[in-house]
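*Asks:* Residue numbers (UniProt numbering): 1 to 908.
Ideal Cβ placement from N, Cα and C applies to all residues, glycine included.
1) From which residue to which residue does the beta strand (DSSP E) around residue 866 run?
2) With 16 other CB atoms within 10 Å as the buried threshold, where does residue 50 fall?
3) Quick check: the Cα distance between residue 382 and residue 886, rounded to an integer number of angstroms?
4) Can you tell me whether residue 738 is buried or exposed? The criterion is at least 16 other CB atoms within 10 Å of its CB, across all chains shown.
5) With burial defined as no fewer than 16 other Cβ atoms inside 10 Å of the residue's Cβ, what is the status of residue 567: buried or exposed?
6) At which residues does the alpha helix (DSSP H) containing residue 639 begin and terminate?
7) Cutting at 7 Å between CB atoms, please list the residues of its own chain near residue 84, excluding the five before and the five after it.
8) Hey, how far is the Cα of residue 327 from the Cα of residue 94?
9) Who are the Cβ neighbours of residue 22 in its own chain at under 6 Å, not counting the five residues just before and after it?
10) What is the DSSP secondary structure of residue 319, counted as helix, strand or coil?
11) Tell me the DSSP secondary structure of residue 220 in three-state form.
12) Between the alpha carbons of residue 418 and residue 307, how many angstroms are there, rounded?
13) Which of the three DSSP states, helix, strand or coil, is assigned to residue 812?
14) For residue 550 and residue 525, I'd like the C-alpha separation in whole angstroms.
15) Would you mind working out which of 364, 148 and 181 sits nearest residue 192, comparing C-alpha positions?
16) To which residues does DSSP link residue 346 through a beta bridge?
17) Taking just the CA atoms, how far does residue 800 sit from residue 281?
18) Could you work out which residue in 519, 575 and 511 is closest to residue 592 when comparing CA atoms only?
19) Just curious, the beta strand (DSSP E) that residue 90 is in, first and last residue?
20) Would you kindly report the start and end of the unbroken alpha helix (DSSP H) that includes residue 151?
21) From what residue to what residue does the alpha helix (DSSP H) around residue 363 run?
22) Would you report the Cα separation of residue 698 and residue 708, rounded to the nearest angstrom?
23) Look up residue 676 in the DSSP assignment and say whether it is helix, strand or coil.
24) Run through DSSP, which three-state label would residue 291 get?
25) Does the distance from the CB of residue 810 to the CB of residue 864 come in under 9 Å?
26) Put residue 602 into one of helix, strand or coil per three-state DSSP.
27) Suppose only complete runs of 3+ residues qualify. What are the beta strand (DSSP E) ranges in the region 668 to 721, listed by chain order?
28) Could you give the first and the last residue of the continuous beta strand (DSSP E) run that contains residue 125?
29) For a minimum of 4 consecutive residues, which ranges assigned as the alpha helix (DSSP H) are wholly contained in the region 771 to 803?
30) Around the Cβ of residue 892, are there at least 16 other Cβ atoms within 10 angstroms (buried) or fewer (exposed)?
31) Given residue 246, which residues of its chain have a CB within under 6 Å of its CB, disregarding the five upstream and five downstream residues?
32) Does the count of Cβ pairs from the region 536 to 549 and the region 812 to 820 closer than 8 Å reach three?
33) Residues in the same chain with beta-carbon distance under 6 Å from residue 441, minus the five sequence neighbours each way, listed in chain order, please.
34) Buried or exposed, going by whether 16 or more other CB atoms sit within 10 Å of the CB of residue 209?
35) Could you say if the region 748 to 767 and the region 611 to 629 meet the contact criterion of at least three C-beta pairs nearer than 8 Å?
36) According to DSSP, what are the bridge partners of residue 383?
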């Protein structure tokens, strides 16, 4: 076993502080300081900064930085879930003697490391595979790898060398564009082995070839390259090997006299004792890059890390420590003989979260178990277990996150590793390249299948399934357009935008009650179908028939007709302008949306001041519910693309067969004149106006089309007749009216929205926040993970106070009727009742089954399974939302939510 991979597990504050203190004391014995000059921090930083900076660059003085540990991350009860361990690190400092004996020293260093099954830090992109050298870059597509290879060749000065050879000693950065392109083209000819030989040669590092083993020779290159990359900071030590065992560190200490330039130091490394648990919100750290923003903030790209995602990134300024530094005088061996000045390192502040780790663990385990269990559909078909899922538990009365799970996920320790993310782990987390998709297609049998859907006009219909599901983008990289592949680094709790299905019905019910179109005595007949009396009819063959259903029965049975009827009545009510004005509803389609927005399910797209976030500190997407403006805007743009393709073809068969003169509205930047571009944009604008509003200026459209025909050389002077123009304009009119606007404003979109389908897509976190708002009486709190911040001694620096985003007064009479139905969901179901009756409190809830796509079965997807539960039912404290991708039925999540509630109430 590689000793470098061994981990210690420390989770208590006391043991962490004791361990850190022991390492701090040991560090004093590692740095040999024979004299101390009492020059304080102020002297270094202010009064004599220039002097010491120059002094450090001299042959006898060195500026030595001390990395500061990051602050710890705790759960609400003080469990340490992220902290720094102190590693022993082997460093090398350039000096007269150390440079003269570089190769002898490195041979001895490599020998000791190998004897202890260790190696040097190695993120060098030229790898030795057997006897062959090859480039290994962490990039998804070939273009990304190509760019990284080019940057690497710039960093090692290969580009400068080639520029000098090709253009009389010029440096690459000073070349003209055409000259730089010539150098790039020449550099691309350099294989990994050519590049490696350049580094070995006297053009670069002058490493004796053939004297050492290939592995040791490569290690020499890595060390030399690390020294070069420091550039003007070359007087600073470089780290050769991190994470040494105590015994190995002691061995090197005993050998220091024969290893000029070598020192043993202690360096912090981020550690996550629970691995993948909580990774979705904890996030991870990574090495900083050398962009200007990082430099301005005092980061050193050669040594520093920073929070890259999650809490680690959100509270970087709190967690980041203050680096220490000292100016030391060194002898010819590069070893300190006196310390001229010192600035102490200070650990970062500690971040305490609202998460309860016991509840978190219960949620993680329950979801993981669920994702191993297959499902049996009503027709007896057995489907595979879910391939991903999420759980969110919120404090109803503060917006605090109690637990948050996303699976599959990642281990943040992989990112914090000494050499950063390994190629193996990179491929596991990000490696969705063309080869990955090709192998997946073979495994699924998609590579030789044709996709077939019921909708003959479906754009994928009739195509090779692999090509349809994973088309290549402009860079030649295949894309997962149907989101068929789970991505471990996506937080599905905060970033997955998916239809909520029947769990949305609670908010449809509230809108209907609040607007008076239904009340507790209202009933709607559910015979397994819905007819709106205006020609629309749809059936629900797999759903139980509720008969004459009131709100309680409708929620219990999840009656689609009941909620579609609410949507119809709201549509009718808001067809009256006076009703819209009195309720503040702008469009007749927005009856449900205007209420959903108040709960945080989307926001008014025409309100520039609308809050489009749950408030959570980490990365999230913010979904939208069906509404007139968003739907029309998105659909008109999509329809325009289709219409432009049809116009270019000159014929189309839809409601009837059309033949017309073709026109090309695509802009060709290299060919089209400014006049042609302008005309195409004007035509596009007129068509979009028609698609969005149902009306447009047909005369103006004709004028611009005629001008385009006469101006664009593509038409080679053709002279269409008036009748040909009429046919073209009639086709555009019919497309705008019948396949565009009339379809966009059809009532059935509102019906779909009422049951959480269609154009409504939100995140699990949004659903949890919306239910919390409803359950607490209408106060929408900012969702938050932060509880408080403390210093290294445990003193409180700041505490989070719940923040209100919006407030509405929910009528208790309305919520009483709705809540009664939500309790019936749990206790009138034998499977739910037998489980949830074990809890010490009553529970309310709602299931949901949300269709992924109308053609989902054609490419192996199943419906989402949703479940919302809250407790205690009479005075809610916690709401739990779970969703499983391909989970099909929300009832299948029963055990997930139960285990979360059980853990929560056990700990109270």
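*Replies:* Checking against the coordinates, here is how it stands:
1) 864 to 871
2) Note on residue 50: pLDDT 44, under 50, position unreliable in the model; no value is reported.
3) 12 Å
4) exposed
5) buried
6) 628 to 649
7) 69, 70, 268, 269, 270 and 271
8) 15 Å
9) Model confidence at residue 22 stands at a pLDDT of 38, short of 50, so the residue's coordinates are unreliable; what they give is reported in the following sentence. Hits under 6 Å: none found.
10) helix
11) helix
12) 15 Å
13) helix
14) 9 Å
15) 148
16) 322, per the DSSP bridge assignment.
17) Residue 800 has its alpha-carbon roughly 17 Å from the corresponding atom of residue 281.
18) 511
19) 80 to 92
20) 142 to 155
21) 357 to 370 is the span of the alpha helix (DSSP H), which, as asked, contains residue 363.
22) 15 Å
23) If DSSP states are grouped into helix, strand and coil, residue 676 belongs with the helices.
24) Note: residue 291 maps to coil in three-state DSSP.
25) For the pair residue 810 and residue 864, the CB atoms are not nearer than the 9 Å cut-off.
26) Reduced to three states, the DSSP call for residue 602 is coil.
27) none
28) First-last for residue 125: undefined, no H or E at that position.
29) none
30) buried
31) none
32) No, because fewer than three Cβ pairs between the region 536 to 549 and the region 812 to 820 fall closer than 8 Å, the two stretches do not touch.
33) 447 and 466
34) exposed
35) yes
36) 375
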